[in-house]
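First comes the structure, then the notes that go with it.
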Amino acid sequence: MTRSWQDPAWVEMMLEECSTWAVVGLSGDPGRTAYSIASLLQDRGKRVVPVHPAADREGGLEVLGERAYATLSDIPFPVDVVDVFRRSEAAGPFADEAVRIGARGVWFQLGVVDEAAFERTTAAGVAMVMDTCPAIEWRRR
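FYI, the numbering for the sequence shown is 3 to 143, going by the working numbering.
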């Protein structure tokens, strides 16, 4: 049985039980969607960990008061959810890396769909939702 991309139990688990969210594609640009969603996550009590390749180049990049890391593997503490703000064709490797670092869940944002990544991630026992946003899901409650 294939689980839904927006399985209510997985959405609930990530929103309610998971506290540390690595946000892939989060930069310091407040005009970007990733920034506003990361800010909402913080408002909801989540620790947001920015993941952006510029973290290496700029050394000490900080976004929303949190140190940024160039890759998920660079984060020196456990991550509960990997929230991906990348185009569908670039998102899959982040799901794979989320599995490798032991994340409990992977969240692909609105418009981001990679069926093969969904199959790999869920087959590895990691919850995954795609093509939705925490802001939308919180509003549905």
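We put the CB at the ideal spot given by N, CA and C, even for glycine.
Cβ distance (whole Å) where Val50 is taken to contact Trp7 below 8 angstroms:
Val50 to Trp7, Cβ: 23 angstroms. No contact.
Look at Tyr37 and Val53 and say whether their C-beta atoms are less than 9 angstroms apart.
no
Count the other CB atoms within 10 Å of the CB of Met3; is the residue buried (16 or more) or exposed (fewer)?
Residue confidence for Met3 is low, a pLDDT of 39 falling below 50, so the modelled location carries little weight and cannot support an answer.
Are Val86 and Val26 touching if we call contact CB-CB under 9 angstroms?
yes
Which value, in whole angstroms, describes the spacing of the CA atoms of Ser21 and Arg46?
9 angstroms
Less than 9 angstroms separating the beta-carbons of Asp82 and Glu19?
yes
At which residues does the beta strand (DSSP E) containing Trp23 begin and terminate?
22-26
Would Ala56 and Ser29 be called neighbours here (beta carbons separated by less than 9 angstroms)?
yes
Residues that Arg69 bridges to, as DSSP identifies them:
Glu64
Check this for me: beta carbons of Ala119 and Asp133, under 9 angstroms apart or not?
no
Report the three-state DSSP secondary structure of Trp12 (helix, strand or coil).
helix
CA-to-CA distance, Arg106 to Ser75, given in whole angstroms:
15 angstroms
Anticipated Cβ contact below 8 angstroms, Asp116 with Ala137, distance rounded:
The pair is not a contact, with the Cβ atoms about 21 angstroms apart (cut-off 8 angstroms).
Residue from Ile103, Pro95, Gly104, Arg102 with nearest C-alpha to Phe110:
Pro95
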